[in-house]
Amino acid sequence: MAFIELSGVCKGYGSADKRTPVLEDVNLSIEKGELVSIVGYSGAGKTTLVSLLAGLIKPDRGTVKVDGKIVTGPGPERGVVFQNYSLLPWLSVLENVQLAVDQVFPKRSASERRSHAMKFVEMVNLGPAAGKRPRELSGGMRQRVSVARALAIEPEVLLLDEPFGALDALTRGVLQGELQRISQESGKTMLLITNDVDEGILLSDRIIPLGAGPSASLGPATTVDIERPRDRKELNHDPRFRHIRLSVLEYLLESGKAKRAERAAQDVTEAKAPLPETKSQAATSKPVQIVELSP
Amino acid sequence: MNQKKFLEIWNLAKAFPGPLGKVPVVEDFNLTVAEGEIISLIGHSGCGKSTVLSIVAGLTGPTEGTVIMGGKEVTEPGTDRGVVFQAPCLFHWMTALENVVIGLEQAMPKASSAQRIEKASYYLSRVGLGDALHKKPAELSAGMRQRVGLARAFALSPRMLLLDEPFGMLDSITRCELQDVLLQLWREDKKTLLLVTHDVDESVFLSDRVVMMTSGPRARVGEIMEVNLPRPRERHTVLDDPQFYELRERLIGFLESQADHSATALPKAPAAPPSVRRPVRKLSAA
Numbered sequence: 007m008a009f010i011e012l013s014g015v016c017k018g019y020g021s022a023d024k025r026t027p028v029l030e031d032v033n034l035s036i037e038k039g040e041l042v043s044i045v046g047y048s049g050a051g052k053t054t055l056v057s058l059l060a061g062l063i064k065p066d067r068g069t070v071k072v073d074g075k076i077v078t079g080p081g082p083e084r085g086v087v088f089q090n091y092s093l094l095p096w097l098s099v100l101e102n103v104q105l106a107v108d109q110v111f112p113k114r115s116a117s118e119r120r121s122h123a124m125k126f127v128e129m130v131n132l133g134p135a136a137g138k139r140p141r142e143l144s145g146g147m148r149q150r151v152s153v154a155r156a157l158a159i160e161p162e163v164l165l166l167d168e169p170f171g172a173l174d175a176l177t178r179g180v181l182q183g184e185l186q187r188i189s190q191e192s193g194k195t196m197l198l199i200t201n202d203v204d205e206g207i208l209l210s211d212r213i214i215p216l217g218a219g220p221s222a223s224l225g226p227a228t229t230v231d232i233e234r235p236r237d238r239k240e241l242n243h244d245p246r247f248r249h250i251r252l253s254v255l256e257y258l259l260e261s262g263k264a265k266r267a268e269r270a271a272q273d274v275t276e277a278k279a280p281l282p283e284t285k286s287q288a289a290t291s292k293p294v295q296i297v298e299l300s301p
Numbered sequence: 018m019n020q021k022k023f024l025e026i027w028n029l030a031k032a033f034p035g036p037l038g039k040v041p042v043v044e045d046f047n048l049t050v051a052e053g054e055i056i057s058l059i060g061h062s063g064c065g066k067s068t069v070l071s072i073v074a075g076l077t078g079p080t081e082g083t084v085i086m087g088g089k090e091v092t093e094p095g096t097d098r099g100v101v102f103q104a105p106c107l108f109h110w111m112t113a114l115e116n117v118v119i120g121l122e123q124a125m126p127k128a129s130s131a132q133r134i135e136k137a138s139y140y141l142s143r144v145g146l147g148d149a150l151h152k153k154p155a156e157l158s159a160g161m162r163q164r165v166g167l168a169r170a171f172a173l174s175p176r177m178l179l180l181d182e183p184f185g186m187l188d189s190i191t192r193c194e195l196q197d198v199l200l201q202l203w204r205e206d207k208k209t210l211l212l213v214t215h216d217v218d219e220s221v222f223l224s225d226r227v228v229m230m231t232s233g234p235r236a237r238v239g240e241i242m243e244v245n246l247p248r249p250r251e252r253h254t255v256l257d258d259p260q261f262y263e264l265r266e267r268l269i270g271f272l273e274s275q276a277d278h279s280a281t282a283l284p285k286a287p288a289a290p291p292s293v294r295r296p297v298r299k300l301s302a303a
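Heads up: the sequence lines are chains R and H, in that order. The opening residue of the first sequence carries number 7 in our numbering; numbering runs sequentially from there. The opening residue of the second sequence carries number 18 in our numbering; numbering runs sequentially from there.
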């Protein structure tokens with residue numbers, strides 16, 4: 007039995023005829039200590055997937071299990087890092103981290119909680135900035151606080167939802183390096199959601215494409231059989247890296263193309279003016295409605 | 018006019034007023050672009066890539082230096098240069114087709130409305146929106162909206178297109194799709210393209226030459242890299258080509274060296290010795 011297990015998960019938003027199916031028959035299992043990344047278009051349902059695992063929403067069908075138990079709500083055994091850092095602006099770096107520690111370890115003494123929080127602030131290299139408030143920090147530093155906070159509650163699994171999406175390329179590279187180090191040191195189970203194929207390959211044990219939406223489902227998983235620590239520049243010369251990169255990217259681009267064709271056919275039927283050549287395609291396509299999803 | 022020197026940028030400098038006097042963003046920027054070439058400008062945030070593009074577009078004037086396009090000095094915006102920004106700036110109450118047609122009313126004042134609609138529909142179908150002509154921006158995804166932006170820019174038939182991080186707001190996969198769309202449009206029209214980007218893969222995949230800019234202030238051309246990957250470029254073949262990865266690495270290496278440079282040199286940047294400036298080339302030397 008895998009540590010994280012999603013079977014036959016479906017999730018949609020809206021009701022009755024305005025319903026948009028987001029995820030369709032998603033099956034995923036992650037072993038303990040594994041780092042899996044899911045790569046897909048924005049709007050494909052990646053955040054929905056994280057929210058399901060975090061227990062923020064419930065699936066329409068199928069089950070989400072973590073450590074053998076069905077997920078019914080959020081819990082401290084699952085830490086989440088979002089793209090927007092969600093820090094409290096009036097608290098310092100250390101206080102932001104400690105707030106989570108206080109919630110999860112109420113029985114420990116105040117000084118224990120403080121030093122515990124500090125340990126994680128230091129782990130993300132923010133020791134010198136521990137007393138600063140979020141507005142005094144750069145985007146990259148804020149995201150580090152968010153990572154420290156998620157790790158400080160000592161979750162069984164860390165869910166990372168496009169953690170570096172809002173950062174510039176340079177800072178992203180630095181933080182990817184840090185995440186790689188933290189993941190190796192801690193051996194935590196992690197699920198990384200990203201739209202960057204390179205990031206997915208650099209960091210994970212397995213990379214899985216999430217096809218284009220609506221009704222997105224997971225594509226074939228690829229094991230990233232490249233020894234760690236991985237260096238971005240060395241990867242560049244690695245034929246295994248190139249191969250994985252190409253196959254994941256092509257899977258995604260193909261799925262995007264197929265969904266666009268499906269949509270176009272759907273539009274034609276909606277407009278009640280089916281062209282002869284698209285008629286058969288329209289008949290087989292699912293009755294989906296095009297509603298833009300916010301990421 | 019010499020086709021090899023379709024666009025010439027000479028000793029371009031731009032300074033913006035700051036609290037401690039003028040801040041030189043770009044200095045001594047020189048570049049010559051041939052007609053039909055695809056050139057990308059790459060560099061870190063704040064290096065002045067967009068400043069150079071705005072000057073070429075005629076949206077802002079240089080502090081020093083000249084921009085000559087097609088033998089004429091650029092002093093103001095004109096229909097011979099199309100600009101594509103990060104956000105396509107569509108009118109939200111108009112359909113995709115109307116958004117393209119409205120641009121054509123300016124560019125083809127003598128054409129009939131049927132001709133304009135035909136031209137707009139043609140470009141929209143070339144960007145893959147043939148089925149979405151009558152959709153409004155709100156019904157389109159971000160990637161589709163930028164397709165409308167590209168269709169509008171190409172429909173205006175400018176001699177040169179200036180693209181300022183056109184795919185910067187899109188996720189990396191949608192970005193790949195749009196790069197393919199851009200190359201398809203270019204294949205038929207062979208417009209000169211000047212593209213500002215910070216995406217290494219994008220610049221290698223699209224360009225004939227990549228202009229690497231040093232970090233600002235006083236940014237200039239650091240290196241120019243030729244990309245000799247055969248055209249037409251298909252993603253599958255390009256991503257399989259070892260040359261692609263060599264070029265990619267060279268670019269990443271340059272950007273990393275500039276990052277170190279900017280991190281250590283920034284506090285003392287105002288003291289940068291003027292002696293490092295390259296000798297000023299005279300315009301008459303052309």
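From the three backbone atoms N, C-alpha and C, an ideal C-beta is built for every residue, glycine too.
Specify the secondary structure class of residue i as computed by DSSP and reduced to three states.
i	result
residue 24 of chain H	strand
residue 60 of chain H	coil
residue 142 of chain H	helix
residue 8 of chain R	coil
residue 242 of chain R	coil
residue 375 of chain H	With chain H running from 18 to 303 in the structure shown, residue 375 of chain H is simply not present.
residue 53 of chain R	helix
residue 226 of chain H	strand
residue 126 of chain H	coil
residue 65 of chain H	coil
residue 51 of chain H	coil
residue 19 of chain R	strand
residue 63 of chain R	coil
residue 98 of chain R	coil
residue 86 of chain H	strand
residue 75 of chain R	strand
residue 160 of chain H	helix
residue 75 of chain H	coil
residue 244 of chain H	coil
Against chain R, does residue i count as a neighbour if the rule is that its beta carbon must be under 7 Å from one of theirs?
i	result
residue 262 of chain H	yes
residue 134 of chain H	no
residue 282 of chain H	Low local confidence applies: a pLDDT of 40 at residue 282 of chain H is under 50, so the model's placement there is unreliable, with the coordinate-based value given in what follows. Not closer than 7 Å to any Cβ of chain R, the Cβ of residue 282 of chain H fails to qualify, so no.
residue 172 of chain H	no
residue 276 of chain H	yes
residue 232 of chain H	no
residue 93 of chain H	no
residue 266 of chain H	yes
residue 62 of chain H	yes
residue 97 of chain H	no
residue 189 of chain H	yes
residue 225 of chain H	no
residue 48 of chain H	no
Compare the C-beta of residue i with all C-beta atoms of chain H and state if any pair is closer than 7 Å.
i	result
residue 270 of chain R	yes
residue 57 of chain R	no
residue 201 of chain R	yes
residue 185 of chain R	no
residue 48 of chain R	yes
residue 279 of chain R	Summary for residue 279 of chain R: the model assigns pLDDT 48, below 50, so the residue's position carries little reliability; its value from the coordinates is reported in the next sentence. Not closer than 7 Å to any Cβ of chain H, the Cβ of residue 279 of chain R fails to qualify, so no.
residue 242 of chain R	yes
residue 164 of chain R	no
residue 157 of chain R	no
residue 174 of chain R	yes
Quickly, what does DSSP pair residue i with across the bridge? List them, please.
i	result
residue 30 of chain H	H:81
residue 186 of chain H	Note: residue 186 of chain H sits in no beta bridge, so no partner.
residue 98 of chain H	H:177
residue 38 of chain H	H:35
residue 46 of chain H	H:29
residue 27 of chain R	R:18
residue 254 of chain H	Residue 254 of chain H is not bridged to any residue.
Contained alpha helix (DSSP H) runs [length at least 4] in the segment 130 to 186 of chain R, N- to C-terminal order: 145 to 158
Sufficient close CB pairs (3 or more, under 8 Å) joining the segment 89 to 108 of chain H to the segment 53 to 68 of chain H: no
Segment contact flag, the segment 182 to 195 of chain R with the segment 26 to 35 of chain R, C-beta cutoff 8 Å, min 3 pairs: no
Alpha helix (DSSP H) runs wholly inside the segment 202 to 239 of chain R, at least 4 long, in chain order: 203 to 209
Three or more C-beta pairs below 8 Å linking the segment 181 to 193 of chain H and the segment 189 to 203 of chain R: yes
The segment 90 to 110 of chain R / the segment 38 to 55 of chain R touching (three or more Cβ pairs under 8 Å): no
Contact the segment 142 to 149 of chain R vs the segment 118 to 127 of chain R: 3+ CB pairs below 8 Å: no
The segment 247 to 255 of chain R contacting the segment 76 to 87 of chain R, beta-carbon criterion three pairs below 8 Å: no
Segment contact flag, the segment 137 to 149 of chain H with the segment 176 to 183 of chain H, C-beta cutoff 8 Å, min 3 pairs: no
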